[in-house]
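To keep things clear, I will list the structure first and then write my remarks on it.
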Amino acid sequence: MTDVLRIEGLSKSYSAKPALFDVSLSVADNEYVSLLGPSGSGKTVLLRLIAGFEQPDAGRILFDGNDIASVPAHERGIGFVFQNFALFPHLSVYDNIAFGLVNRERDPLTDENVLRSKIMTMVDLVGLKGLEDRGVHQISGGQRQRVALARTLVSQPRIVLLDEPLGALDANLRTRMRGELRRIRSQLGVTFLHVTGSETEALAMGDRIVVLDNGSVGQIDTPDAVYNRPISPNVARYLNCYNLFEGAIDGNAFSNGVHRFPLKGALWPNSVPAYAIRQDLITVRQSGVSLADGEAGLTATYLASEYTGAAFMYFFKAADGHIVEVEGHLSHRAPQNLDANSTYQLVWKADEALVYG
Amino acid sequence: MQTTVIKPVLSVYTGLFLLFLYGPFVVLGILSFQTGPNGGPQFPIIEWSTYWYQHVFGLTPPSRIAPLPIYEGLARSLTLAFMTMIVSTVLGVMSAQAFRTKFKGSDAVFYLIVLGMMVPGVLVGLGLALVANIVGIDRTWWGTAFVLHVVYTFPFAFLVMLAIFNRFDSSVEEAAWSLGVSPIKTFRKVTFPLIFPGVLSAMLFAFTLSYDEFSRTLFASGRDLTLPLAIYGTFSIEIHPNIFAFGVLTTLFSFSLLAVYAVLMTASLRRAKRVAIQEDA
Numbered sequence: 022m023t024d025v026l027r028i029e030g031l032s033k034s035y036s037a038k039p040a041l042f043d044v045s046l047s048v049a050d051n052e053y054v055s056l057l058g059p060s061g062s063g064k065t066v067l068l069r070l071i072a073g074f075e076q077p078d079a080g081r082i083l084f085d086g087n088d089i090a091s092v093p094a095h096e097r098g099i100g101f102v103f104q105n106f107a108l109f110p111h112l113s114v115y116d117n118i119a120f121g122l123v124n125r126e127r128d129p130l131t132d133e134n135v136l137r138s139k140i141m142t143m144v145d146l147v148g149l150k151g152l153e154d155r156g157v158h159q160i161s162g163g164q165r166q167r168v169a170l171a172r173t174l175v176s177q178p179r180i181v182l183l184d185e186p187l188g189a190l191d192a193n194l195r196t197r198m199r200g201e202l203r204r205i206r207s208q209l210g211v212t213f214l215h216v217t218g219s220e221t222e223a224l225a226m227g228d229r230i231v232v233l234d235n236g237s238v239g240q241i242d243t244p245d246a247v248y249n250r251p252i253s254p255n256v257a258r259y260l261n262c263y264n265l266f267e268g269a270i271d272g273n274a275f276s277n278g279v280h281r282f283p284l285k286g287a288l289w290p291n292s293v294p295a296y297a298i299r300q301d302l303i304t305v306r307q308s309g310v311s312l313a314d315g316e317a318g319l320t321a322t323y324l325a326s327e328y329t330g331a332a333f334m335y336f337f338k339a340a341d342g343h344i345v346e347v348e349g350h351l352s353h354r355a356p357q358n359l360d361a362n363s364t365y366q367l368v369w370k371a372d373e374a375l376v377y378g
Numbered sequence: 002m003q004t005t006v007i008k009p010v011l012s013v014y015t016g017l018f019l020l021f022l023y024g025p026f027v028v029l030g031i032l033s034f035q036t037g038p039n040g041g042p043q044f045p046i047i048e049w050s051t052y053w054y055q056h057v058f059g060l061t062p063p064s065r066i067a068p069l070p071i072y073e074g075l076a077r078s079l080t081l082a083f084m085t086m087i088v089s090t091v092l093g094v095m096s097a098q099a100f101r102t103k104f105k106g107s108d109a110v111f112y113l114i115v116l117g118m119m120v121p122g123v124l125v126g127l128g129l130a131l132v133a134n135i136v137g138i139d140r141t142w143w144g145t146a147f148v149l150h151v152v153y154t155f156p157f158a159f160l161v162m163l164a165i166f167n168r169f170d171s172s173v174e175e176a177a178w179s180l181g182v183s184p185i186k187t188f189r190k191v192t193f194p195l196i197f198p199g200v201l202s203a204m205l206f207a208f209t210l211s212y213d214e215f216s217r218t219l220f221a222s223g224r225d226l227t228l229p230l231a232i233y234g235t236f237s238i239e240i241h242p243n244i245f246a247f248g249v250l251t252t253l254f255s256f257s258l259l260a261v262y263a264v265l266m267t268a269s270l271r272r273a274k275r276v277a278i279q280e281d282a
């Protein structure tokens with residue numbers, strides 16, 4: 022696979038506050054890359070630098086092998102879909118989609134018939150048939166999202182940057198648009214770089230995931246690898262499905278002073294020692310039963326639970342004050358009746374935990 | 002309980018305000034229908050007539066009352082106001098656009114621009130007249146006075162446009178760029194249509210401020226008088242109701258300008274509403 026986009030050592034600061042530091046990554050042709058990071062991790066800044074809306078302090082942006090750092094935004098040929106859609110409010114759906122083709126500097130489309138057929142094909146593809154003549158204020162949020170997408174895709178950019186494109190939609194629409202986005206992308210064979218703050222979105226959408234951690238790249242890998250083997254405690258934290266403990270390696274155990282977990286399996290190098298266990302790998306038992314061989318665990322007080330449909334989330338308070346979350350999927354576990362303020366034993370397989378140190 | 006007191010008080014206050022605002026104009030309007038050519042600019046109305054309106058248009062038989070020497074002034078003032086409106090609005094839009102990104106010394110430049118509307122007009126007019134004398138430039142309404150009118154009205158246009166750009170969402174411009182549209186074309190096709198209500202307001206400000214500007218023009222305009230100066234000039238001889246008739250006519254003209262403004266504004270506000278809805282979604 023050839024790289025459409027390569028970023029090398031990109032840095033950007035705002036009034037001496039670094040927003041991005043030494044970011045390097047590459048995006049292959051016809052690939053869907055999701056960029057995950059909490060707010061303030063610099064993900065939107067990275068996108069704006071690639072699009073040319075802002076200038077980097079250092080580093081190179083290679084598009085098709087050419088350094089485009091000094092090329093103005095309108096000559097880059099990189100599509101951008103905004104979180105607030107940024108549709109042209111004074112134009113109809115049709116004219117919004119036609120805007121780029123008609124007004125672009127490089128070979129604008131003047132043939133009315135070619136234009137019409139191109140736009141109608143795109144309108145069909147994104148499912149906006151019959152709405153072409155509406156004003157963009159007369160359609161729903163999901164339809165506006167489709168207009169924003171169609172407007173960008175119709176000029177056939179090699180790569181499209183999407184800045185939290187589903188963030189402005191309500192939950193069930195978001196799930197539907199996820200599938201739509203993937204379908205549209207694979208149909209056109211265009212490369213997507215999709216920024217999101219939602220770990221489920223990142224995992225569901227990307228062929229690969231880039232996790233941004235405080236302005237630097239935390240991990241780049243497939244969704245499966247990122248989910249099961251986050252490379253650092255921070256990446257694990259952003260995935261929102263790990264219980265994390267800080268402490269120290271003490272002989273063949275990890276200890277935070279209160280709890281001790283036996284070490285099995287590999288140690289991930291990291292400057293800050295940490296212990297991570299995924300929420301759905303923990304089982305809840307009555308207290309007083311001792312741990313079997315190869316098991317790790319702690320005793321904790323049950324606080325509350327939350328029903329999420331296919332699963333239950335149980336919240337416990339460990340002896341060190343830490344809130345431990347346990348996810349119980351109802352498909353392979355019956356809902357447990359736990360008594361509030363009673364003590365239980367939380368158990369997991371020691372080799373399923375991730376240890377950093 | 003409190004509203005029972007506050008409401009009548011406020012209505013009386015509002016009534017008084019409107020009375021003081023429009024009272025003088027109503028008096029002028031009534032007196033303009035005085036009989037002519039012997040009726041004077043005072044009550045009571047001897048007989049209702051449209052004589053003075055006919056006099057304004059030169060439709061009356063010759064009498065001892067000379068036609069108003071203000072028609073050339075009217076033409077000059079309209080031309081001057083139009084020129085000022087165009088130049089100030091263009092400058093206002095451009096400078097407000099420049100202020101969208103902070104640049105070195107932008108604070109200082111901001112105050113220097115706004116100062117143009119603060120400094121006393123008489124002093125500026127006198128100062129420019131002196132400078133023109135020293136440099137050897139003739140004072141004219143279309144030269145020296147025009148410059149002063151622009152200096153005076155440009156800050157108003159600038160402030161109006163600054164307020165408009167302040168709440169302008171620039172992501173629509175970025176969207177246009179990312180589609181390959183050049184910044185200049187983006188301004189023409191996206192930015193300008195969206196800021197048009199503000200441009201209209203800036204134009205209205207510049208036109209009306211220039212149209213009845215007096216103090217700056219007094220010193221800077223030279224021999225040929227603009228309308229406010231010409232009207233002032235007629236006061237020094239003898240006042241006849243024809244000047245009132247003329248006043249009523251120019252006021253009606255201003256109202257029609259406002260009506261045009263209102264129509265254009267409603268059209269673009271309807272568009273702005275769409276923007277607001279889009280932002281809410």
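Protein chains in written order, with this note's numbering: chain A, 22 to 378; chain B, 2 to 282.
Don't be surprised by glycine CBs; every beta carbon is placed ideally from N, CA and C.
If you're wondering where the values come from, they're calculated on a predicted model, not measured in any experiment.
Proximity below 9 Å, CB of residue i to CB of residue j
i	j	result
P93(A)	P184(B)	yes
N358(A)	T212(A)	no
G318(A)	K285(A)	no
L83(A)	E29(A)	yes
H95(A)	E126(A)	yes
V20(A)	I160(A)	Nothing can be reported for residue 20(A), as the shown portion of chain A is limited to 22 through 378.
A97(B)	F166(B)	yes
D24(A)	V54(A)	no
I240(B)	P42(B)	yes
Y57(A)	L233(A)	The displayed chain sequence assigns Leu, not Tyr, to residue 57(A). Against a cut-off of 9 Å, the Cβ pair of L233(A) and L57(A) comes out as a contact.
Identified DSSP bridge partners for residue i
i	result
G268(A)	Bridge partners of G268(A): none, in fact.
E48(B)	None, per the DSSP bridge assignment.
S32(A)	A79(A)
Y335(A)	S326(A), V347(A)
P39(A)	S34(A)
Y263(A)	R299(A)
F282(A)	F275(A)
Whole-angstrom distance between residue j and residue i, CA atom to CA atom
i	j	result
A361(A)	D301(A)	20 Å
A158(B)	M119(B)	14 Å
R179(A)	G100(A)	8 Å
K338(A)	I344(A)	5 Å
L260(A)	V238(A)	15 Å
E185(A)	R165(A)	14 Å
A82(B)	S211(B)	5 Å
R306(A)	T322(A)	12 Å
R281(A)	L288(A)	16 Å
L174(A)	V216(A)	17 Å
D145(A)	H158(A)	20 Å
V168(A)	I89(A)	28 Å
I205(A)	L160(B)	46 Å
F254(B)	A260(B)	10 Å
A331(A)	I303(A)	17 Å
Contacts around residue i, its chain only, beta-carbon distance under 8 Å, and the 5 residues preceding and following it disregarded
i	result
L201(B)	Y262, L265, M266, S269
V94(B)	A158, M162, I196, V200, A203
F120(A)	F109, L112, R172
S32(A)	P39, L41, F42, D43, V44, P77, D78, A79, G80
T218(B)	G126, W142, A146, L149, H150, T227, P229, L230
G117(B)	V152, Y153, F155, P156
Same chain, Cβ closer than 6 Å to residue i, neighbours up to 5 away in sequence not counted
i	result
T320(A)	S308, T364, Q366
I298(A)	N264, W369, A374
L187(A)	R195, M198
Sequence-distant residues of its chain with Cβ nearer than 7 Å to residue i (five each side left out)
i	result
L312(A)	G318, V368
P254(A)	L265, N291, V293, A295, A297, Y377
N235(A)	S62
A231(B)	P70, I71, G74
D270(A)	The sequence given here has Ile at residue 270(A), not Asp. P294, G378, listed in sequence order.
S276(A)	G268, A269
A221(B)	G126, L129, A130, R140, T145, A146, L149
Residue i CB to nearest heavy atom of the ligand NAD below 8 Å
i	result
V27(B)	For the structure depicted, the ligand NAD is absent and the ligand set is empty, with no information on it obtainable.
Chain-ordered chain D contacts of residue i [CB-CB under 8 Å]
i	result
H350(A)	Structure shown: chain D not included; protein chains present are A and B.
As an exercise, report each continuous beta strand (DSSP E) stretch of at least 3 residues that is fully enclosed by the stretch 47-118 of chain A, in chain order.
53-57, 79-84, 99-102
Continuous alpha helix (DSSP H) assignments of at least 4 residues falling wholly in the stretch 116-151 of chain B:
122-136
Report the start-end ranges of each alpha helix (DSSP H) in the stretch 177-209 of chain A that is 4 residues or longer and not cut off at the edges.
192-209
Within the stretch 111-172 of chain A, note down every full alpha helix (DSSP H) run reaching 4 residues or more, in order along the chain.
114-124, 133-147
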